Structures are given as C-alpha cells and as structure tokens.
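Just so you know, the protein sequences line up as chains B and F, in that order.
Under the UniProt record's numbering, read the first sequence as residues 1 to 98, first letter to last.
Under the UniProt record's numbering, read the second sequence as residues 1 to 544, first letter to last.
Quick reminder that beta carbons are idealized off the backbone N, C-alpha and C, glycines included.
Computed from a predicted structure; not experimentally measured.
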Amino acid sequence: MRLLTGNDLKTGAVTWWTGSDWSLHVEDAADVSGSEDEIARREESARRVNAPNAIDAELQDGSPRPAHIKDRVRALGPTVRPDLTLKPADPEIGNWVI
Amino acid sequence: MYQYDHYDQAMVDARVEEFRDQARRRLEGQLTEDQFKPLRLMNGLYLQLHAYMLRVAIPYGTLNGRQMHALADIADTYDRGYGHFTTRQNIQYNWIKLEDAADILADLAKVEMHAIQTSGNCIRNISSDHFAGAAADERVDPRPYAELLRQWSSFHPEFSYLPRKFKIAVIASDTDRAAMRLHDIGINILRNDSGELGAAFYVGGGMGRTPMIAPLIREFVPLDQLVTYAEACLRVYNRYGRRDNKYKARIKILVHEMGAEEYARQVDAEFAHLLEQGVEPPLAELERIKTFFVDPAFASDAGADIDRSDSDFALWLDRNTVAHKAPGYTSAVISLKPVGGIPGDATAEQMHLMADLARNYSFDELRVMHTQNIVLPHVRKADLHNLWTALDAAGLGSPNLGTVEDIIACPGLDYCSLANARSIPIAQQISERFAASGKTEALGQLKLKISGCINACGHHHAGHIGILGVDRKGVENYQLLLGGSEAEDVSLAKITGPGFDEAGIVDAVETAADIYLRERQDGERFLDTYRRIGMDPFKEALYG
Chain B
1 MRLLTGNDLK TGAVTWWTGS DWSLHVEDAA DVSGSEDEIA RREESARRVN APNAIDAELQ
61 DGSPRPAHIK DRVRALGPTV RPDLTLKPAD PEIGNWVI
Chain F
1 MYQYDHYDQA MVDARVEEFR DQARRRLEGQ LTEDQFKPLR LMNGLYLQLH AYMLRVAIPY
61 GTLNGRQMHA LADIADTYDR GYGHFTTRQN IQYNWIKLED AADILADLAK VEMHAIQTSG
121 NCIRNISSDH FAGAAADERV DPRPYAELLR QWSSFHPEFS YLPRKFKIAV IASDTDRAAM
181 RLHDIGINIL RNDSGELGAA FYVGGGMGRT PMIAPLIREF VPLDQLVTYA EACLRVYNRY
241 GRRDNKYKAR IKILVHEMGA EEYARQVDAE FAHLLEQGVE PPLAELERIK TFFVDPAFAS
301 DAGADIDRSD SDFALWLDRN TVAHKAPGYT SAVISLKPVG GIPGDATAEQ MHLMADLARN
361 YSFDELRVMH TQNIVLPHVR KADLHNLWTA LDAAGLGSPN LGTVEDIIAC PGLDYCSLAN
421 ARSIPIAQQI SERFAASGKT EALGQLKLKI SGCINACGHH HAGHIGILGV DRKGVENYQL
481 LLGGSEAEDV SLAKITGPGF DEAGIVDAVE TAADIYLRER QDGERFLDTY RRIGMDPFKE
541 ALYG
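This is the structure:
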C-alpha cells in the first residue's frame with residue numbers, strides 16, 4: 001500500500017492523509033495507491049500540507065506500518081526520547097519502529 | 001567577547017523583519033515551498049524528520065551567560081525544553097513551529113545572536129579552539145581573527161551562492177582542538193622567524209563522503225593581508241568549483257583534482273590582483289576587534305591549592321579541567337555526555353544553570369566545544385569544588401572528557417531526514433557498556449565518533465574509533481573505522497571490514513578496545529597502538 005505524508009505548514013508536525021483529512025497518527029492513514037500525486041498537488045496548493053510525499057507501507061494487525069525505518073521513526077518520534085513520541089505510555093512501541 | 005555595534009544590530013534586526021515578512025507570505029500562500037525553502041534555509045530553518053529545526057550560530061563557540069539564558073528560554077518557550085549542541089559549536093532546536101520562527105529570531109537578536117548562514121552554500125559559522133583566550137599553550141587568542149573573518153563573510157555578496165557550503169576554522173596553537181585541517185579552510189595563527197604574527201592557510205580539507213586532509217597552501221600570510229588571501233582562496237573556488245555535481249562541489253574536490261600546487265598558484269595570482277584592489281580592512285579594525293577579547297581581570301592571588309580528598313571530585317579534576325594561561329585558574333569542561341545520555345543535549349534548566357555558573361565562576365563566559373560539551377574557560381582553582389558540586393547535582397558532572405564515554409554523535413535517524421541509521425542509541429549503549437565494565441579509566445584517551453550517514457556530521461572519519469551508520473536494504477548497519485584523528489596528528493580512519501548490526505557494533509567496539517588493552521605499550525593511547533600494530537590484529541579479533 002501507499003501512504004501520503006507531509007508536514008503541517010504552521011507547526012511542521014508530521015501528518016498523514018486519512019482519505020478526507022490529515023492526521024498526526026499513521027494508523028489513520030489511507031491507502032492512496034494511484035492517486036497520491038493528485039491528492040498531494042491539491043492539498044499542497046490549498047496549504048493543508050507542506051512537502052507531501054508518498055511512501056510504501058504494509059498492513060500489520062490491521063494498521064499501516066511504513067516499510068522503511070526512517071518513515072517509522074518519522075511516524076512515531078525519536079526512539080531515544082519516548083516521552084516525546086506520540087505514544088509515550090506504550091513500552092512496546094520501540095518494537096514497532098525497529 | 002565581541003559586542004555588536006550599531007551596524008551589526010541593524011543588519012540582524014533588519015534580517016529578522018525580512019524573515020518575518022517571508023514567513024507571513026508563506027503562511028498566507030503568497031510563496032510556495034519551493035520559493036520559501038531557500039529563504040528559510042538562509043535563516044537556519046530546516047524541515048527535518050519530525051518538524052522544523054532551527055540551527056543557531058554561536059560564533060567560534062563563544063557565549064556569555066545572558067545568551068545562554070536566552071537559548072534556554074527559547075528551548076522552554078518555543079521548543080520542548082531542550083536543545084542540542086552540535087559539532088560546529090552551534091545549537092539546534094528540533095521542534096520549531098514556522099509561525100514562531102520570526103519571534104525566535106527576534107529573541108536571539110536581542111542578545112546579539114542569529115541563525116544567518118547556518119545553512120546554504122555560503123560561508124558557515126566560523127569555528128575555533130574552545131579554549132581560546134584561556135589555553136596555556138596558545139600563541140594568541142584566535143577569536144579576533146575568527147571575528148574579523150566572520151564580519152568579512154557575513155552577507156558577503158560574492159560568496160552567498162558558492163558551489164557548496166564552506167567551513168572555516170581558526171586556531172593559534174600547535175595543539176589542534178578545532179579539527180582545523182578537516183575544514184574547507186583551516187587557519188593557524190603563528191609567528192614567522194622574525195617573530196611577526198601571520199596565518200598559515202590549509203585549504204581543501206573536510207569529512208563527508210570524500211574525506212580529505214587539507215594541504216598547506218601558504219605557510220605565512222601577514223595579518224594585514226589575512227582577509228585578502230581568504231578572499232583569493234574563495235574566488236578561485238567560486239570560479240572553478242563544480243556546480244554540476246553536488247557530490248563533487250566542495251573545495252576539497254577542486255584542490256584535489258587541480259592539485260594543491262596549481263590551486264595555490266591560482267590563489268597567488270588572484271591574491272596579487274586583489275592586493276591592488278584594496279579589499280583588506282585596515283589593521284585598525286582588527287585592533288578594534290581585539291579590544292573585545294582582552295583578558296578578564298584575573299586575580300593575582302587566585303591560589304592554586306585544591307583539596308583532592310573527595311575522590312569523585314578528584315577524578316573530575318583530572319579528567320575535566322585543562323591548563324590555563326593564568327596562574328590559579330583552569331578551564332573546566334561541563335560534560336554533556338552522562339552515561340546512557342544523548343550526546344550534546346541540554347535541558348533548559350541545565351542551560352540556565354550553566355549560565356549562572358559562568359556568571360559566578362567564569363567571568364560570565366562559556367564555550368561550546370565541537371565535541372558537544374561546554375567549557376567554563378576561566379575558573380579559579382579555589383572555586384572548582386563548589387562548581388563541581390553544583391554540576392554534579394544537576395547531572396552535569398560526568399568525569400569523562402576525552403574518554404570512550406565522551407562520544408560525539410550526530411542526531412542520526414532519530415531526528416535527521418538525511419540519516420540512514422540511528423547514532424544516539426549506539427552512543428548510549430557504548431557509554432553504558434564501558435561504564436559498566438569499568439574499562440574507561442584503563443582505556444585513557446579514546447575518541448569515539450558516530451555518524452548516522454555519510455555526511456559525517458558525527459566526524460566518524462576522525463575518530464580513534466569511528467562508526468558510520470548505513471542503510472542495508474532498509475535495515476540499520478554500522479561500519480567500524482579505526483585510526484582517525486582530528487588533532488594535530490590528523491589522520492583519516494579506515495574501515496575494518498563488513499558492518500555490524502546494532503548489538504554487533506557495540507560488541508565490536510569493545511573487542512577493538514580489548515585488543516588495544518592487550519597490545520599497548522607504556523604510554524600509548526589507543527591511536528598510538530593502532531598506528532604501531534596496524535589494522536590486522538583488530539580485523540583478526542573482529543572477523544576471525
């Protein structure tokens with residue numbers, strides 16, 4: 001599957017295209033296979049996202065998991081600062097990244 | 001330290017307002033990202049892995065307490081309560097919002113700081129010896145020369161769009177504490193046979209994907225021609241440096257392909273031409289700058305006796321203090337490398353504390369080291385125990401300067417969009433491994449440097465032990481390198497062989513360290529033993 005990701009223009013926060021909006025959480029991301037360029041163009045021109053790009057992912061336990069470690073780190077936050085990640089209370093989240 | 005004059009302040013203030021308008025236009029949609037990107041980069045604002053990242057320049061690593069307090073306030077107000085001190089003596093904030101960026105630059109301008117030329121293909125922040133003005137072995141304080149070059153290179157219209165970024169280091173001692181010969185231009189202020197001060201120019205060094213040691217281009221440039229000669233070096237680069245290939249665009253490639261002799265000849269020709277143009281600022285300007293770098297009022301009766309009865313304090317003294325030029329004083333290094341910590345990170349609270357300690361114990365001066373630690377340059381020996389007590393209570397008293405626990409690590413894949421592998425967890429695991437094993441003391445000086453990609457921000461080429469993180473089919477892999485040095489005995493590390501996974505690289509470092517402990521002779525550092533016995537014993541132990 002393909003996911004569309006980018007950054008919020010104002011805050012720089014990593015965001016994911018859900019099919020109708022942008023979310024901070026990769027588990028909300030929709031498969032955009034075949035339509036990623038069109039969505040990216042539209043959303044970027046409307047300034048709802050900055051620097052959009054599509055990445056490869058796979059479904060794992062029903063949720064999308066980016067194929068590359070860089071995108072997984074990007075989705076979660078720095079592995080060395082669990083307190084700053086999106087899931088600071090999940091002790092197993094490191095396994096999802098690595 | 002240098003203080004802005006009217007022109008400095010007006011330029012920086014104007015730049016803040018210019019950027020405020022640019023950011024507003026971007027947020028309102030009047031600028032596209034393609035149009036805005038070069039503008040934000042000119043102000044040190046990157047878009048990194050998790051958010052915008054702001055890199056703030058700290059010229060030659062020198063700060064006063066007010067500036068450090070301001071950096072702490074920015075961490076608290078606009079970021080997530082911490083900052084990261086870098087291998088170019090700067091500080092980076094990892095969680096910046098575009099809508100706050102102009103306000104941050106305005107706050108910086110209030111304390112005579114900015115983020116200009118911390119990105120882009122221009123002359124970057126000029127680095128120097130972190131013990132400048134304090135070191136017992138320096139000929140002169142190199143910072144006035146670095147400041148002169150900073151002023152020359154700031155907003156230089158001819159050098160704002162170079163083929164590639166450009167880094168200059170200035171030192172003034174035989175001991176190189178600034179990786180001088182691994183810069184695009186390395187300058188060593190020295191005396192000629194007549195006792196006159198001048199500058200030796202080394203050009204074409206660097207790390208990155210093609211590491212090179214800068215060759216000596218000119219042995220002695222008189223101080224009243226310093227800027228002119230630097231300008232000639234840049235002009236030849238600007239004329240012939242490759243703009244068709246980003247990976248061959250640094251001056252080191254030009255000097256290498258042209259040959260150092262031919263490059264020097266071309267620089268000499270340009271230099272002769274420029275001397276007729278009168279581009280050199282009058283020496284009076286250098287003298288004016290020097291007045292900002294006069295010694296503080298050292299006490300003549302500072303005293304040199306230190307009570308070493310506290311063994312923890314004594315260990316910190318032995319490892320983290322450095323000889324000072326003034327009797328009764330020392331330079332104290334605040335380690336930002338606690339065991340298992342993130343190299344170079346400091347919380348806002350720690351920054352505030354360091355600023356307060358600088359005011360109380362070091363004439364209000366601090367320095368950022370390229371090794372990602374902080375220096376209080378002028379501390380009375382009589383004050384050291386009080387200083388250490390305060391540092392230790394704040395988690396800043398690690399006694400590990402120059403040891404295997406004093407690891408340089410770039411932000412790596414945890415923060416950097418260019419990285420291929422994480423650097424910080426490797427540093428954390430290595431420091432924990434050696435702290436637990438008790439081998440740190442026995443290993444003595446062992447410089448370990450980790451980069452998360454080939455760009456080498458973690459200086460892995462210059463590590464006695466270097467680690468380079470690579471991407472092997474989507475999995476982090478780590479190459480081990482041995483034998484590098486950024487110091488006066490400069491050398492480039494060599495790869496041992498096939499890479500290791502995350503656990504394997506930590507084991508490999510310990511294996512290499514054990515070979516050193518087995519093979520060393522009296523007084524040898526790790527680097528000395530490696531140079532004597534070569535790579536083979538290490539490869540044998542690592543790969544069988």
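- For the pair F/LEU366 and F/ILE533, the Cα-to-Cα distance works out to about 40 Å.
- Considering only F/SER431, F/ALA462 and F/LEU413, the residue with the shortest C-alpha distance to F/VAL470 is F/LEU413.
- Two segments are said to touch when three or more pairs of C-beta atoms, one from each, lie closer than 8 Å; by this definition the segment 386-394 of chain F does not touch the segment 77-91 of chain F.
- Cβ neighbours of B/ASN53 within its own chain (closer than 8 Å, five residues either side excluded): LEU4, THR5, GLY6 and ALA40.
- Counting the other CB atoms within 10 Å of its CB gives B/GLN60 a total below 16, which places it among the exposed residues.
- For the 7 Å CB-CB criterion, F/SER127 and F/LEU41 do not form a contact.
- Taking 7 Å as the threshold, the shortest C-beta distance from B/LYS87 to chain F does not fall below it.
- Bridge pairing for F/SER485: F/SER491 [DSSP].
- Secondary structure note for F/THR330: it is in no alpha helix (DSSP H), and the uninterrupted beta strand (DSSP E) holding it is 329-334.
- Residue state for F/ASP471 is assigned as strand, using DSSP reduced to three classes.
- By the Cβ test, the segment 153-171 of chain F is in contact with the segment 187-199 of chain F, since at least three Cβ pairs between them sit closer than 8 Å.
- Inter-segment contact for the segment 241-253 of chain F and the segment 206-216 of chain F is present: three or more beta-carbon pairs are separated by less than 8 Å.
- Minimum Cα-Cα distance from F/ASP103 among the listed residues F/PHE85, F/LEU45, F/TYR237 and F/LEU234 corresponds to F/LEU45.
- Interface annotation, B/HIS68: in contact with chain F, CB-CB separation under 7 Å.
- In the three-state scheme derived from DSSP, where H, G and I count as helix and E and B as strand, F/ASP345 is classed as strand.
- Of the candidates F/ARG243, F/GLY499 and F/ARG25, the residue whose Cα lies closest to the Cα of F/LYS539 is F/GLY499.
- The beta-carbon of F/LEU41 is placed no less than 7 Å from the nearest beta-carbon of chain B.
- Scanning its chain for C-beta atoms nearer than 7 Å, with the 5 sequence neighbours on each side dropped, one finds around F/ARG433 the residues VAL506 and GLU510, in chain order.
- Within the segment 74-94 of chain F, ARG80 place their CB atoms closer than 7 Å to a CB of chain B, listed in sequence order.
- In the displayed model, F/GLU276 falls within coil according to three-state DSSP, outside both helix and strand.
- The beta carbons of F/ALA409 and F/ILE374 sit no closer together than 7 Å.
- Across the set F/GLN35, F/MET354, F/LEU105 and F/LEU384, the C-alpha of F/LEU105 shows the shortest separation from the C-alpha of F/MET53.
- The C-alpha of F/LYS248 is placed about 26 Å away from the C-alpha of F/THR228.
- Closest in C-alpha terms to F/GLY463, from the list F/ASP528, F/ALA503 and F/VAL475, comes F/ASP528.
- Residue pairing from DSSP places F/PHE500 in a beta bridge opposite F/TYR478.
- Within chain B, the residues whose beta carbon sits less than 9 Å from that of F/LEU27 are LEU9, LYS10 and ARG47, listed in sequence order.
- Within the segment 64-106 of chain F, the complete beta strand (DSSP E) segments of 3 residues or longer fall at 82-85 and 91-96, listed in chain order.
- When rounded, the separation of the alpha-carbon atoms in F/ILE74 and F/LEU49 is 20 Å.
- Rounded to the nearest whole angstrom, the CA to CA distance from F/ASN477 to F/MET11 is 46 Å.
- Relative to the Cα of B/ALA29, the nearest Cα in the group B/ASN95, B/GLY12, B/GLY19 and B/HIS68 belongs to B/GLY19.
- DSSP, read as helix, strand or coil, puts F/ARG55 in strand.
- For F/ARG422, the chain B residues whose C-beta falls within less than 7 Å of its own C-beta are THR79, listed in chain order.
- Three or more Cβ pairs closer than 8 Å define a contact, and the segment 216-227 of chain F meets that threshold against the segment 275-287 of chain F.
- Cα atoms of B/ASP56 and B/VAL80: separation of roughly 24 Å, rounded to the nearest angstrom.
- Contacts between B/LEU84 and chain F, judged by CB atoms closer than 7 Å, involve ARG80 in chain order.
- Here the alpha carbon of F/PRO163 sits roughly 6 Å from the alpha carbon of F/ASN121.
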